[in-house]
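Just below is one structure, and these are the notes that go with it.
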Amino acid sequence: MTVIGLTGGIASGKSTVANYLKENGFAVIDADIAARQAVEKGTEGLRKVAETFPGVLNEDGTLNRKALGTIIFNDKAQRDSLNEIVHPIVRRLMDEEKAAALSEGKVVVMDIPLLYENELEHTVDEVWVVYVSYDIQKMRLMKRNELSESEADARINSQMSMDEKRDKADIVIDNCHDLDSLYKHLEALIEDYK
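Plus 8 on top of the position in the sequence shown (first one is 1) and you've got my numbering.
Now the structure itself:
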């Protein structure tokens, strides 16, 4: 069976594509969900994050994602420290889910926003990139997350550029237009995987 790596950039529409694939019978394994599970209240992952980044816990003992985001999006060394804690846990959780889906004969989609940044392309058979231009990406991110222009730029620039991801991809899914265009593109693309 095929293992597809699905990636893109922040606010590129990757989640929309992942949901479409899930609705069409693909087993979608989401790195963001695994990352949240890795730092849930009471986990070893959250304990290590709180030790490394003092002041990122809410009063109820859960992670204050906004406080952590402010630290890591503006400092590569801090982002690397967080990744060293969380990534091994995330990989283990995703590998367990992938093995279960493959045993059921499903096409697996590994939804990994930072697939290239973390050099994980060797863990999948092919890479699909959801592509948008920088201007569209920035506009969507500012609107979605209510960010200033500089905050949006910092988040986008913390990732590999969309152009670089597009150039490395096996398949490019253009999401610079409306949803109808995106769904038509996906409908044609998945015919070979049914």
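Where a beta carbon is used, it is the ideal one built from N, C-alpha and C, also for glycine.
- As computed with DSSP, VAL36 is found in a beta bridge with VAL117.
- The beta carbon of ALA35 is closer than 6 Å to those of ALA109, LYS114, VAL116 in its chain, skipping five residues each way along the sequence.
- Cβ neighbours of ASN183 within its own chain (closer than 7 Å, five residues either side excluded): SER20, GLY21, VAL138, TYR139, VAL140, LEU190.
- In the three-state reduction of the DSSP assignment, THR70 falls in the coil class.
- Remark: fewer than three beta-carbon pairs, one from each stretch, lie closer than 8 Å, so the region 142–152 and the region 69–88 are not flagged as touching.
- Exposure of GLN45 is indicated by the presence of fewer than 16 other C-beta atoms within 10 angstroms of its C-beta.
- Taking all protein chains in view, the Cβ of MET9 is surrounded by fewer than 16 other Cβ atoms within 10 Å, so the residue is classified as exposed.
- One thing to note: VAL98 has its Cβ no nearer than 8 Å to the Cβ of ILE12.
- Below 8 Å, too few C-beta pairs join the region 46–58 and the region 166–180 to call them touching: fewer than three.
- Inclusion of ALA39 and ASP119 in the CB contact set at 8 Å is warranted, their separation being smaller than that value.
- Fully enclosed beta strand (DSSP E) runs of no fewer than 3 residues occupy 134–139 of the region 132–181, in order along the chain.
- When the alpha-carbon of ILE79 is set against those of VAL94, GLY63, GLU67, ASP161, the nearest one is in GLY63.
- CA-to-CA, the gap between LEU122 and ASN153 works out to about 19 Å.
- Remark: C-beta atoms of ILE198 and ASN32 approach each other more closely than 8 Å.
- Listed in chain order, the non-local C-beta contacts of LEU65 below 7 Å within the same chain comprise ALA58, LEU71, ASN72, local neighbours out to five positions each way being set aside.
- Check the Cα spacing between VAL25 and each of THR60, PHE61, LYS146, TRP136: the tightest is with TRP136.
- Under a 10 Å Cβ-count criterion, ALA75 is classified as exposed, with fewer than 16 other Cβ atoms of the shown protein chains found around its own Cβ.
- Between LYS146 and ASP161, the C-beta spacing is below 8 Å.
- Contact annotation: GLU112 and MET168 have beta-carbon atoms that are not nearer than 8 Å.
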